[in-house]
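*Asks:* Mind having a look at this structure? Questions to follow.
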Amino acid sequence: SSESLAHECRILTEKASALQDSYDALEAEHSTLEKAYQSVSSELTSLKSQFPLDCCESTLDKKDNLSDHLEKVSVGVQTDCIFLFDSPENPLTVSMNEDKKKLNEITIELHKIKEKYELLHCEREREQTEWRLYERDLLKAVQVADEIKTDSELESRRLNSENESLKEQVEKLTKDSTRLNSEITLLKDKINLLSSRKFESEHQNFASDFHRSEGVDKPTPGSISISSTTSTSNQSILTANVAHNVWSE
1 SSESLAHECR
11 ILTEKASALQ
21 DSYDALEAEH
31 STLEKAYQSV
41 SSELTSLKSQ
51 FPLDCCESTL
61 DKKDNLSDHL
71 EKVSVGVQTD
81 CIFLFDSPEN
91 PLTVSMNEDK
101 KKLNEITIEL
111 HKIKEKYELL
121 HCEREREQTE
131 WRLYERDLLK
141 AVQVADEIKT
151 DSELESRRLN
161 SENESLKEQV
171 EKLTKDSTRL
181 NSEITLLKDK
191 INLLSSRKFE
201 SEHQNFASDF
211 HRSEGVDKPT
221 PGSISISSTT
231 STSNQSILTA
241 NVAHNVWSE
């Protein structure tokens with residue numbers, strides 16, 4: 001992942017910095033040795049120039065011996081310094097070369113890791129952009145869903161309210177219908193009762209008239225039929241009037 005690569009990049013950078021510090025220390029040591037060599041050479045030259053030329057002959061041999069010795073020392077120091085810095089088998093030179101090689105390898109690897117890190121960083125930015133777009137679209141979808149839910153809840157409450165109102169109306173109409181049916185039944189019973197009483201009364205009157213007129217004039221079948229028809233017609237008219245009054249209420 002990008003975090004592990006960044007961590008590895010930091011570690012390699014620290015190693016490269018440590019190798020650079022080591023290389024700088026070796027360079028400083030090399031410079032110090034060069035300065036020491038120059039100092040010894042200058043001191044030798046100074047000693048040669050300060051040696052008294054008017055010394056007695058007895059000290060000439062010593063002077064020559066000393067001069068020869070100093071020259072030998074100078075040549076030895078120069079040889080040692082040249083061997084030290086120019087010899088390929090010098091441990092210091094070998095160490096410096098190895099450090100340079102390692103530093104170059106680490107630098108190349110660090111460059112590759114940086115390139116890979118840049119690629120991963122660009123990929124991460126692209127994914128973050130896509131994720132932000134996805135979140136925006138998701139938020140819009142959630143908002144639309146909430147609006148639909150709110151509208152549905154309002155519509156559901158409205159329909160429930162209408163249903164309750166309709167139920168109340170149906171219950172009221174049902175009660176009214178039951179009450180009217182009961183009233184109609186009672187009225188029918190009353191009508192039947194009245195019709196029955198009227199029929200009995202008419203029958204009694206007819207029988208009385210029949211007995212009175214017996215022996216004088218017998219009633220004709222036509223008169224009996226007319227009387228019955230009249231009674232039935234009156235009963236129908238009475239029933240219609242009662243029903244009309246009930247529905248008018």
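All residue numbers for the sequence shown refer to full-length UniProt numbering, where the first residue is 1 and numbers rise by one. Every residue, glycine too, gets a C-beta built ideally from N, C-alpha and C. Keep in mind the model is a prediction, meaning the values are calculated, not measured.
1) One question on the structure: do Ile113 and Leu19 come within less than 9 Å of each other, judged by their Cβ atoms?
2) Rounded to the nearest angstrom, what separates Asn160 and Glu168 at their Cα positions?
3) Do you know how far the Cα of Thr32 is from the Cα of Leu119?
4) Could you round the C-beta distance between Thr13 and Leu110 to whole angstroms and report it? I think they count as a contact, below 8 Å.
5) For Glu123, count neighbouring C-beta atoms within 10 Å of its own C-beta (all shown protein chains included) and say buried if the count is 16 or more, exposed if not.
6) If you draw a straight line from the C-alpha of Glu162 to the C-alpha of Gln128, how long is it?
7) What is the DSSP secondary structure of Ser223, reduced to helix, strand or coil?
8) Taking just the CA atoms, how far does Lys190 sit from Glu183?
9) Which same chain residues end up closer than 8 Å to Lys15 when comparing Cβ atoms and leaving out the 5 residues on each side of it in sequence?
*Replies:* Put simply:
1) no
2) 12 Å
3) 45 Å
4) 6 Å
5) exposed
6) 50 Å
7) With a pLDDT of 41 at Ser223, under the threshold of 50, the modelled position of that residue is not reliable, and the figure given next carries that caveat. Of the three classes helix, strand and coil, the one that applies to Ser223 here is helix, per DSSP.
8) 10 Å
9) Ile106
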